[in-house]
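Protein chains: 2
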Amino acid sequence: MNENLKLEQQICFPVYSVSRLITKAYIPFLKEMSLTYPQYLVLLVLWEYETLSVNSIGEKLLLNTNTISPLIQRMEKAGLLKRERSTQDERMVMVKLTSKGKELKKKASPIPEKLLKTLLTDDVQLADVILVKDMMNKWIEILSENNKKNQKKD
Amino acid sequence: MNENLKLEQQICFPVYSVSRLITKAYIPFLKEMSLTYPQYLVLLVLWEYETLSVNSIGEKLLLNTNTISPLIQRMEKAGLLKRERSTQDERMVMVKLTSKGKELKKKASPIPEKLLKTLLTDDVQLADVILVKDMMNKWIEILSENNKKNQKKD
DNA sequence: TACATTTGTATCGCACACGATATAAATTTG
DNA sequence: CAAATTTATATCGTGTGCGATACAAATGTA
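Protein chains in written order, with numbering that gives the first Met the number 0: chain A, 0 to 153; chain B, 0 to 153.
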């Protein structure tokens, strides 16, 4: 049989699985704040930048606007943020945290540390995690560059 | 500001993004076979094992049966496989490739190599990819073990 | 100023992913 | 053997993720 097609040989599958498992590991913490994982990501960038357009949130999270748009609408319904059309350029919708959204930051602050702890063991050192993080960031550049090229082909 | 909550500091986000980007990188190849990425994963294990129960496919792919079940039903509709209730244990549904499903293996065989090539650059060596793969497999063990523990708490 | 193009956002449809629940068959236990 | 429990699968509802499409505002151009 073609060894290349064995599940164990794939690089895609471990990354795919770890991604799902990490998201799952967040759930107990996020549940306390009634957040989903992508909603938490949106909050991460808004805690950092205060006000952003729908488009720029998508750019930072590498998500298309057709994913961000309903996501943000649900978050507005939950009272976490406000959407307001820009007066300078009426095509843009600016997103801003409400006080409720800002409040959650305190509750969220211990999460990254806790998540890291679940991962660190005799077999996985902090240096390994940082190594993987740096590697993943390189891959993101390559893959998203490649992605743009493929879209241009059409 | 709490540095821990900056998007750039997260380990989760790069993994999450790479996972989506890799899946996206597969799409041009899978499109030619009218497959989605999770459907491709199901084929990978069936090409390796010929016949498997719904449950054991889920175990290999770390997916719940409520994800696998409709996935396999769609694949049956597409004529890639057959579902057949086991006569020994009527609770089990055995999944078996059709000739059409087996045929696709030839077409798929160059895919892993091609995917790898899109990733390899001056900045990313084969050794790095293998390193990440091994690391991810360690993480899977830790995270899925942890996951089981959390479920027991309920 | 009219018209075409670009840009930012929203909508639609499909395919996961998964918790909760349902159902039926098999197994365990009193 | 009957009842309770476990096991295997399916169904339902919610939330992404994304390609395709729609649409309105802004911009460029003749």
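We put the CB at the ideal spot given by N, CA and C, even for glycine. Quick caveat, the model's predicted, so the values are computed rather than measured.
| Asked | Found |
| --- | --- |
| Boundaries of the beta strand (DSSP E) in which Q52(B) is found, first to last residue | Residue identity check: residue 52(B) is Ser in the sequence provided, not Gln. Note, S52(B): beta strand (DSSP E), 50-52. |
| V94(A), enclosing beta strand (DSSP E) - first and last residue | 92-96 |
| Residue burial classification, A126(A) (beta-carbon count within 10 angstroms, cutoff 16) | exposed |
| At least 3 beta-carbon pairs within less than 8 Å: the segment 62-73 of chain A vs the segment 32-47 of chain B | no |
| Segments of 4+ residues assigned as alpha helix (DSSP H) that fall wholly inside the segment 10-47 of chain A | 11-30 |
| Secondary structure, alpha helix (DSSP H): runs of 4+ residues fully inside the segment 93-146 of chain A | 98-107, 110-118 |
| Where the segment 1-20 of chain B meets chain A: residues whose CB sits under 8 Å from a CB there | N1, N3, L4, K5, L6, Q8, Q9, I10, C11, F12, P13, V14, Y15, S16, V17, S18, R19, L20 |
| CB contact check: N136(B) to chain A, cutoff 7 Å | yes |
| Rounded distance between the beta-carbons of K105(B) and W46(B), thought under 8 Å | Wrong, their Cβ atoms sit about 10 Å apart, outside the cutoff. |
| Pick from K101(B), S18(B), E58(B), Y15(B) that is closest to M74(B), judged by C-alpha positions | K101(B) |
| D153(A) versus L114(B): straight-line alpha-carbon distance, rounded | With a pLDDT of 41 at D153(A), under the threshold of 50, the modelled position of that residue is not reliable, and no figure is offered here. |
| Chain-ordered neighbours of T117(A) on chain B, where CB pairs are closer than 9 Å | I141, L142, N145 |
| Through-space distance from I141(B) to L42(A), alpha-carbon basis | 27 Å |
| Whole-Å CB distance - K81(A) paired with T97(A), under 8 Å assumed | 6 Å |
| Helix, strand or coil at L79(B) [DSSP, three-state] | coil |
| Spatial distance of M93(B) from L4(A) (CA atoms) | 22 Å |
| Beta carbon of V123(A) nearer than 7 Å to that of K137(B) | yes |
| Cβ distance (whole Å) where G57(B) is taken to contact I67(B) below 8 Å | 5 Å |
| Residue closest to T86(B), alpha-carbon to alpha-carbon, out of S52(B), Y25(B), K132(B), I139(B) | S52(B) |
| Selection of the segment 27-38 of chain A by Cβ proximity to chain B, strictly under 7 Å | P27 |
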